[in-house]
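K.L.:
Provided herewith is a single structure, encoded as structure tokens, for subsequent inquiry.
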Amino acid sequence: MGLGKTLQAISLLSYLKACQRTPGPFLVLCPLSVIGGWVSEVANFAPKLRLLRYVGDKEHRRNLRRDMYENVKEQSLPSDTLKLPFDVLLTTYDIALLDQDFLSQFPWHYVVIDEAQRLKNPSSVLYTVLRERFVMPRKLLLTGTPIQNNLTELWALMHFCLPSIFGKLEQFLSAFKEAGEPSRHDAAKTKEQFKILKYVLGAFMLRRTKYKLVESGTLSLPPLTEITMMVPLVPLQKKVYVSILRKELPKLLALASGASNAQSLHNVVIQLRKTCSHPYLFPGIEPEPYQEGEHLVQASGKLIILDQLLLKLHDTGHRVLLFAQMTHTLDILQDFLELRKYTYERLDGSIRAEERFAAIRSFSQQSVKKSLNSDADDNSPFVFLISTRAGGVGLNLVAADTVIFYEQDWNPQVDKQALQRTHRIGQTNHVLSINLVTGRTIEEVIMRRAERKLQLSYNVVGEDNLDNEGKDIAGTEAGDLRSAIFGLRMFDPTEMSTKELGLVNKSGLIALAEKITAIRHEPQADIYDKKFEINHVDVLGGGDLVMKEDSESVDFDPGLDEAAYLSWVEKFKQASLSNESTMLDLGNRRGIPDDKHLKAEAAKKKAEEKKLSKWEALGYHSLSICSPVQPSVPTDQDFSDSSSVNFVYGDCTQPSRVCPSEPTIIFSCVDDSGIWGHGGMFDALAKLSANVPNAYQRASEFGDLHLGDVHLIDITGQFQTILISI
1 MGLGKTLQAI SLLSYLKACQ RTPGPFLVLC PLSVIGGWVS EVANFAPKLR
51 LLRYVGDKEH RRNLRRDMYE NVKEQSLPSD TLKLPFDVLL TTYDIALLDQ
101 DFLSQFPWHY VVIDEAQRLK NPSSVLYTVL RERFVMPRKL LLTGTPIQNN
151 LTELWALMHF CLPSIFGKLE QFLSAFKEAG EPSRHDAAKT KEQFKILKYV
201 LGAFMLRRTK YKLVESGTLS LPPLTEITMM VPLVPLQKKV YVSILRKELP
251 KLLALASGAS NAQSLHNVVI QLRKTCSHPY LFPGIEPEPY QEGEHLVQAS
301 GKLIILDQLL LKLHDTGHRV LLFAQMTHTL DILQDFLELR KYTYERLDGS
351 IRAEERFAAI RSFSQQSVKK SLNSDADDNS PFVFLISTRA GGVGLNLVAA
401 DTVIFYEQDW NPQVDKQALQ RTHRIGQTNH VLSINLVTGR TIEEVIMRRA
451 ERKLQLSYNV VGEDNLDNEG KDIAGTEAGD LRSAIFGLRM FDPTEMSTKE
501 LGLVNKSGLI ALAEKITAIR HEPQADIYDK KFEINHVDVL GGGDLVMKED
551 SESVDFDPGL DEAAYLSWVE KFKQASLSNE STMLDLGNRR GIPDDKHLKA
601 EAAKKKAEEK KLSKWEALGY HSLSICSPVQ PSVPTDQDFS DSSSVNFVYG
651 DCTQPSRVCP SEPTIIFSCV DDSGIWGHGG MFDALAKLSA NVPNAYQRAS
701 EFGDLHLGDV HLIDITGQFQ TILISI
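Be aware that the sequence shown starts at 1, since it is given in full-length UniProt numbering, and climbs by one per residue.
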């Protein structure tokens with residue numbers, strides 16, 4: 001995590017080439033977001049290593065392969081002495097899968113896998129393909145989080161490197177069962193198991209932590225202060241939160257009897273988390289007309305406090321990494337930054353490689369301003385919006401000195417990795433990490449469980465500091481169902497009454513923001529590498545920051561009994577019946593139409609009737625599928641299905657795995673130009689049936705092609721039902 005793993009790996013490859021007379025070829029696999037970092041580090045520290053950057057679109061990679069072939073073809077040497085035009089081939093996990101037929105032909109002398117936690121699932125396609133198809137006798141895995149949730153992940157990494165030593169998973173888990181399930185075994189025996197496991201791993205794992213390096217004087221890093229801010233729900237959020245619980249009350253009752261499944265609960269949890277982030281994540285909540293305005297900020301407690309934080313940070317010359325889990329949340333945050341005229345960059349999974357590199361360069365060109373009188377470029381990005389999963393690993397973003405987590409990951413190691421994007425070698429400023437958590441909701445449950453997962457990681461491989469040592473980790477393995485039940489129970493049903501839905505005290509939140517941003521000015525001895533937890537109630541009551549490990553804001557009880565849960569459900573049921581006026585019908589919140597809207601609807605209806613009459617007269621029938629009514633909250637059927645999904649290779653118009661008794665649907669994306677193209681899917685579908693291009697062109701002639709439409713074309717044959725969706 002910013003301690004030089006990349007540079008150490010480059011040094012190893014340089015040593016093998018220069019001192020061991022091993023010219024390669026070497027293979028480096030890494031996330032797309034860190035390709036630029038590898039290229040830069042090799043150019044700076046090992047310029048004699050010939051690096052091939054094997055990324056890009058399909059055509060570009062084809063040209064690279066052609067150039068390699070021509071280079072080898074020109075050499076009049078035996079096959080075992082042929083010289084490749086590179087020493088190191090740098091590519092991504094996804095391209096390694098896409099071009100596995102080509103890349104697996106090389107006898108790789110050494111393989112480096114960066115951010116190797118990608119291999120934590122031994123059943124994944126990447127894990128299987130690399131093990132079974134690639135020739136890689138020597139492997140080096142780079143990761144700051146060798147264990148994230150359980151010992152199975154650790155075994156997967158060790159088995160990938162040394163299958164002869166770390167054999168079957170069952171044997172590994174049996175040997176260290178006390179370490180894997182500490183809450184079920186004697187504490188002394190568990191401690192002994194952890195000691196043995198650390199000793200075994202010491203022979204194969206080089207573990208370096210910032211804490212140890214700083215303590216030994218090898219590394220000098222600025223202070224890191226982590227603050228968890230407990231944010232309240234605003235009235236609109238509370239109404240949505242209550243509405244979801246009320247709608248899902250039958251499922252909540254079913255949980256106690258075991259009649260509800262995990263997927264059903266997961267769907268409820270997702271909706272509750274969306275509510276905590278911003279109610280506009282639900283369709284129909286944002287008021288019409290859909291324009292930027294203060295309503296965007298006032299609709300979310302998190303956004304209110306974020307607004308105050310960014311105002312203070314901007315005025316004092318700091319720069320911010322803003323992480324969120326959902327891309328739709330990033331959309332809302334982007335609208336907010338536009339509203340406040342803040343400059344920003346954005347990185348998520350949909351951003352192309354070239355745009356990613358450009359965004360990172362743009363943000364990294366200007367470091368944190370030292371003072372308000374700095375001559376720094378005012379147009380330099382102030383905020384970097386990042387999807388945690390897309391940009392939480394491998395990046396070097398020391399240009400920022402503040403990290404804000406708007407949403408948290410179930411896996412705490414993901415957030416820890418994201419924090420290291422700025423608190424790493426090269427950082428010279430005091431780093432402030434702010435974790436926004438909506439108090440007394442499902443988000444607080446996620447945070448409490450994250451603390452317990454981090455403790456498991458510390459027990460096995462050690463962590464950056466000793467703050468967690470000695471904590472009881474009983475309940476680490478408690479199921480998500482129990483935690484979710486607890487999370488629902490944290491919400492007090494009596495708060496549903498209208499009098500409890502008053503406005504959030506803005507002055508208190510402003511004071512909270514001032515208290516947070518001023519912590520950099522505290523004496524270093526009091527804040528160096530410390531974790532705090534603060535609540536807006538503390539500030540209003542004159543309280544001070546509360547140390548996180550001493551917080552008593554919630555009594556996390558993993559042994560919650562069924563009677564207590566049923567008591568809460570009954571209490572909630574009674575409260576919801578007596579407070580109908582506070583509920584929202586999600587997805588259907590629309591204002592009463594005025595005369596203007598009524599006239600527009602009438603004109604629209606008349607035009608539609610005229611169009612349909614014309615189509616009928618000319619014998620045209622639309623194949624466009626009507627949009628389904630958006631449910632207020634996703635139901636079980638939206639997420640679960642008893643059928644299976646089969647992946648096939650080759651021509652999708654001739655699938656290899658088809659059940660003759662069931663219809664087959666082939667999906668293909670086209671534009672609305674009305675011109676049927678050539679090559680690829682166009683030729684394949686036209687060959688399958690001429691009805692497909694004919695239906696497309698006829699729809700264009702009658703003005704029946706619109707962005708987002710789905711046209712279902714039946715080309716049923718004698719033995720099989722096939723439908724084409726374009």
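All C-beta atoms, glycine included, are put in the ideal place defined by N, C-alpha and C. Note that the structure is a prediction, hence the values are computed from the model and not measured.
Report buried or exposed for Lys687, applying the criterion of at least 16 other Cβ atoms within 10 angstroms of its Cβ.
P.N.:
exposed
K.L.:
Going by Cα to Cα distance, which pick from Leu82, Asp57 and Glu59 is closest to Tyr69?
P.N.:
The option with the nearest alpha carbon to Tyr69 is Leu82.
K.L.:
Within its chain, find whatever has a CB closer than 7 Å to the CB of Asp348; leave out the 5 residues flanking it on each side and keep chain order.
P.N.:
Thr327, Leu330, Ser387 and Ala390
K.L.:
Our contact map puts Leu313 next to Thr517 with C-beta atoms below 8 Å; I'd like the distance itself, whole angstroms only.
P.N.:
Indeed, because the Cβ distance is near 6 Å, the residues count as touching under 8 Å.
K.L.:
Just the C-alpha distance for Lys120 and Pro163, rounded to the nearest angstrom, thanks.
P.N.:
15 Å
K.L.:
From Glu192 to Ala254, what distance separates their C-alpha atoms?
P.N.:
41 Å
K.L.:
Beta-carbon within less than 7 Å of Asp335's beta-carbon, same chain only, minus the 5 sequence neighbours each way: which residues are those?
P.N.:
Glu292 and Leu296
K.L.:
Put Pro107 into one of helix, strand or coil per three-state DSSP.
P.N.:
strand
K.L.:
Quick check on DSSP: helix, strand or coil for Thr145?
P.N.:
coil
K.L.:
Would you identify the three-state DSSP class for residue 727, choosing helix, strand or coil?
P.N.:
Outside the displayed range of the chain (1 to 726) lies residue 727, so it cannot be described from this structure.
K.L.:
Whose C-alpha, out of Phe106, Pro122, Arg118 and Leu126, is nearest the C-alpha of Leu98?
P.N.:
Leu126
K.L.:
Work out the CA separation of Ala699 and Gly677 for me, nearest whole Å.
P.N.:
The straight-line gap from Cα to Cα measures roughly 15 Å.
K.L.:
Here's the rule I'm using: 16 or more other beta-carbon atoms within 10 Å means buried, otherwise exposed. How should Pro222 be labelled?
P.N.:
exposed
K.L.:
For Ile534 versus Met136, is the C-beta distance shorter than 8 Å?
P.N.:
no
K.L.:
Which two residues bound the contiguous beta strand (DSSP E) that contains Glu345?
P.N.:
Per DSSP, Glu345 belongs to the beta strand (DSSP E) from Tyr344 to Leu347.
K.L.:
Met229 by DSSP, collapsed to three states: which one?
P.N.:
strand
K.L.:
For the alpha helix (DSSP H) containing Lys168, list its first residue and its last residue.
P.N.:
For Lys168, no alpha helix (DSSP H) segment is defined, and its DSSP state is neither H nor E.
K.L.:
Note down the Cα distance separating Leu13 from Ala324, rounded to an integer number of angstroms.
P.N.:
36 Å
K.L.:
Please tell me whether Lys302 and Ser264 are closer than 8 Å, where the distance is taken between their beta carbons.
P.N.:
Going by C-beta atoms, Lys302 is not nearer than 8 Å to Ser264.
K.L.:
Pop quiz: Val398 and Arg361 are said to be a contact at Cβ under 8 Å. What is the actual Cβ separation, rounded to whole angstroms?
P.N.:
At roughly 14 Å, the Cβ-Cβ gap does not stay under 8 Å, so Val398 and Arg361 are not in contact.
K.L.:
Decide yes or no for the touch test of the segment 270-287 against the segment 439-453: beta carbon pairs closer than 8 Å, at least 3 of them.
P.N.:
Verdict: yes, contact present.
K.L.:
Check His266 in the structure and name its three-state DSSP category.
P.N.:
helix
K.L.:
Let me confirm a value: Thr206 is counted as buried when at least 16 other C-beta atoms fall within 10 Å, else exposed. Which label applies?
P.N.:
Note that residue 206 corresponds to Leu in the displayed sequence, not to Thr. Burial call: exposed.
K.L.:
For His159, count the other beta carbons within 10 Å of its own beta carbon; 16 or more makes it buried, fewer makes it exposed. Which is it?
P.N.:
buried
K.L.:
Where do the N-terminal and C-terminal ends of the beta strand (DSSP E) with Glu533 fall, by residue?
P.N.:
Lys530 to Asn535
K.L.:
Between the alpha carbons of Leu249 and Lys238, how many angstroms are there, rounded?
P.N.:
If you take the alpha carbons of Leu249 and Lys238, they lie about 16 Å apart.
K.L.:
Spatial neighbours of Gly394 within its chain, please: CB distance less than 8 Å, with the 5 preceding and 5 following residues excluded, ordered by chain position.
P.N.:
Cys30, Pro31, Ser33, Val34, Gly37, Asp114 and Glu115
K.L.:
Could you give the first and the last residue of the continuous alpha helix (DSSP H) run that contains Val135?
P.N.:
Unbroken run through Val135: none, as it is neither H nor E.
K.L.:
With a CB to CB cut of under 7 Å and the five nearest residues on each side skipped, what residues in its chain are close to Phe357?
P.N.:
Gly36
K.L.:
Tell whether a beta-carbon distance below 8 Å holds between Ser624 and Val710.
P.N.:
yes
K.L.:
What did DSSP end up calling Asn435 once you bin it into helix, strand or coil?
P.N.:
strand
K.L.:
With 16 other CB atoms within 10 Å as the buried threshold, where does Tyr406 fall?
P.N.:
Classification of Tyr406: buried, given that the 10 Å Cβ count is 16 or more.
K.L.:
Hey, quick one: how far does the beta strand (DSSP E) through Arg389 stretch, first residue to last?
P.N.:
Unbroken run through Arg389 is the alpha helix (DSSP H), Thr388 to Gly391; no beta strand (DSSP E).
K.L.:
What are the boundary residues of the alpha helix (DSSP H) that includes Cys161?
P.N.:
Leu151 to Cys161
K.L.:
Do you know whose CA, among Ile227, Glu226, Ser216 and Val269, lies nearest Val242's CA?
P.N.:
Val269
K.L.:
Applying the 10 Å Cβ sphere with the 16-neighbour rule, what's the burial state of Val629?
P.N.:
Low per-residue confidence applies at Val629: pLDDT is 44, beneath 50, and the placement is therefore not dependable, though the value from the model is reported in the following sentence. Flag for Val629 reads exposed.
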